[in-house]
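Heads up: the structure comes next, in structure tokens.
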Amino acid sequence: MRKLAILGASGHGKVVADAAECCGWDSIEFFDDAWPSRHDNGVWAIVGDTPALLTRLDEYAGVVVAIGDNRIRQAKLSALQASGAKLITLLHPAATVSRYACIGVGSVVFAGVVVNVGVQVGLGAILNTGCSIDHDCVVGDAVHISPGVRLAGGVYIGDLSWIGIGANVRQLIRIGSCVTVGAGAAVVSDIADDATVVGVPARVVLR
Numbered sequence: 009m010r011k012l013a014i015l016g017a018s019g020h021g022k023v024v025a026d027a028a029e030c031c032g033w034d035s036i037e038f039f040d041d042a043w044p045s046r047h048d049n050g051v052w053a054i055v056g057d058t059p060a061l062l063t064r065l066d067e068y069a070g071v072v073v074a075i076g077d078n079r080i081r082q083a084k085l086s087a088l089q090a091s092g093a094k095l096i097t098l099l100h101p102a103a104t105v106s107r108y109a110c111i112g113v114g115s116v117v118f119a120g121v122v123v124n125v126g127v128q129v130g131l132g133a134i135l136n137t138g139c140s141i142d143h144d145c146v147v148g149d150a151v152h153i154s155p156g157v158r159l160a161g162g163v164y165i166g167d168l169s170w171i172g173i174g175a176n177v178r179q180l181i182r183i184g185s186c187v188t189v190g191a192g193a194a195v196v197s198d199i200a201d202d203a204t205v206v207g208v209p210a211r212v213v214l215r
């Protein structure tokens, strides 16, 4: 029996667990730092917190982090890697991922996602429901691509950036690290590190 540990019991965690079941994981248990005040995440049990997981890694054939906040997710992944956790990558069977794409360990790819040829995705990324990553894009570590996002070919996205739901990014655009792109934005020019952009076309509102 293949047993999976998921760190982070939230709505996002439920989607990760559901994807894991679709991928054939037989038993799924959650760990969350709100334990023991919380004992379940929907139909799945919460059995401990982060320190508890670190003492029980040998029980699990795989571990994945299901935390939406990019910085926290990256920190938890680093701690798990340092402790020898068997970090996995989840690819929902209803996602379409080119055999010539590379998805980094710890990343999750949900239903309806399309990842085309030549794409490189870093460690611990979230490719959320129904997003599209076209040819030769580079998506950095701990990036979150929200539902319905469209990245045209050759887009670069730096580490820890968040592309909001329904945003569109023109081909060959470079988006820096720690950038937030607002929901529904249309990105038609490069974005420097640490910026927040919104609108059509996207404009900087915070730096």
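The number in the numbering used here is simply the position in the sequence shown, starting from 1, with 8 added.
Here a beta-carbon is modelled for each residue, glycine too, at the ideal position from N, C-alpha and C.
Values in this document were obtained by computation on a predicted structure and should not be read as measured data.
Throw me the rounded Cβ distance for the residue i and residue j pair, which I believe falls under 8 Å.
| i | j | result |
| --- | --- | --- |
| Val122 | Ile111 | No, Val122 and Ile111 are not in contact; Cβ-Cβ is about 13 Å, not under 8 Å. |
| Leu15 | Ala28 | The pair is not a contact, with the Cβ atoms about 13 Å apart (cut-off 8 Å). |
| Asn78 | Leu168 | 5 Å |
| Cys139 | Val157 | 4 Å |
| Pro209 | Val196 | 5 Å |
| Arg10 | Ala69 | 5 Å |
Which residues in the same chain have their Cβ closer than 7 Å to the Cβ of residue i, if we skip the five residues on either side of it in sequence?
| i | result |
| --- | --- |
| Asp142 | Asn124, Leu159, Ala160, Gly161 |
| Arg211 | Val205 |
| Pro222 | There is no way to answer for residue 222, as the model of the chain reaches only from 9 to 215. |
| Gln89 | Leu95 |
Taking the straight line between their C-alpha atoms, what separation do you get for residue i and residue j?
| i | j | result |
| --- | --- | --- |
| Asp201 | Gly126 | 24 Å |
| Thr63 | Ser91 | 9 Å |
| Ala193 | Tyr164 | 16 Å |
| Ile171 | Thr137 | 13 Å |
| Gly174 | Leu135 | 13 Å |
| Ala93 | Gln82 | 14 Å |
| Thr97 | Ala60 | 22 Å |
| Cys145 | Cys30 | 27 Å |
| Ala191 | Ala53 | 33 Å |
| Val23 | Ile75 | 11 Å |
| Val73 | Leu65 | 13 Å |
| Val55 | Gly207 | 42 Å |
| Val116 | Gly32 | 15 Å |
| Glu37 | Gly21 | 11 Å |
| Ala119 | Gly19 | 15 Å |
| Arg178 | Ile153 | 15 Å |
When DSSP builds the beta bridges, which residues end up paired with residue i?
| i | result |
| --- | --- |
| His152 | Ile134, Trp170 |
| Val189 | Ile171, Val205 |
| Thr104 | Val122 |
| Gly56 | Phe39 |
| Asp48 | Ala53 |
| Gly70 | Leu12 |
| Ser140 | Val122, Arg158 |
Output needed for residue i: all residues of its chain with C-beta closer than 6 Å, excluding positions within five of it in sequence on either side, in chain order.
| i | result |
| --- | --- |
| Val187 | Ser169, Ile199, Ala203 |
| Gly166 | Gly148, Gly184, Ser185 |
| Val151 | Ala133, Ile165, Ser169 |
| Arg182 | Tyr164, Asp198 |
Ordered along the chain, which non-local residues of its own chain (more than five positions away) have a Cβ less than 8 Å from that of residue i?
| i | result |
| --- | --- |
| Thr58 | Leu15, Phe39, Asp41, Lys84, Ala87 |
| Ser35 | Met9, Arg10, Lys11, Leu12 |
Cβ of residue i within 8 Å of any heavy atom in the ligand ZN?
| i | result |
| --- | --- |
| Val196 | Inclusion of the ligand ZN in the displayed structure is not the case, the ligand content being empty and no account of it being possible. |
- Is the region 94–109 in contact with the region 44–61, if contact means three or more CB pairs nearer than 8 Å? no
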